[in-house]
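Numbering (the numbering used here), first residue to last: 16 to 132.
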């Protein structure tokens, strides 16, 4: 966490995964979600810190959802379920993570609008 605080300033986080990040932010969130390993509870403090620095909630949701794709388990999935199943499932998970992130963004924007009133 200390290294993250040292290297990632709020302006940097905002640039890559903040409100104006666009498609680049979605790509970063989904690709890092796919590449991430380890137990999920280890990522919660890091994600909270990134959110405090300006990361969009939808990108956090997409990151967490795309963690369902595990690169080391892909050969095992192909062996047990077949290549066609894996080829259909992986894009489905990526698309579903984007949809989930957009839903979270819509809910968050409604919540912000209601608190402003």
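Here a beta-carbon is modelled for each residue, glycine too, at the ideal position from N, C-alpha and C.
- In this structure the stretch 114-128 touches the stretch 64-74; the number of beta carbon pairs closer than 8 Å is three or more.
- Between residue 98 and residue 77, the C-beta spacing is not below 8 Å.
- In this structure, the straight-line span from the alpha carbon of residue 115 to that of residue 24 is close to 27 Å.
- Per DSSP, residue 34 is not a residue of any alpha helix (DSSP H), being assigned neither H nor E.
- Judged by beta-carbon spacing, residue 68 lies within the 8 Å limit of residue 28, meaning their Cβ atoms are closer than that value.
- Residue 80 sits close to residue 112, with the two beta carbons spaced by under 8 Å.
- Close CB contacts of residue 84 within its chain, under the 8 Å cut and outside five residues either way in sequence, are with 48, 49, 105, 108, 109 (chain order).
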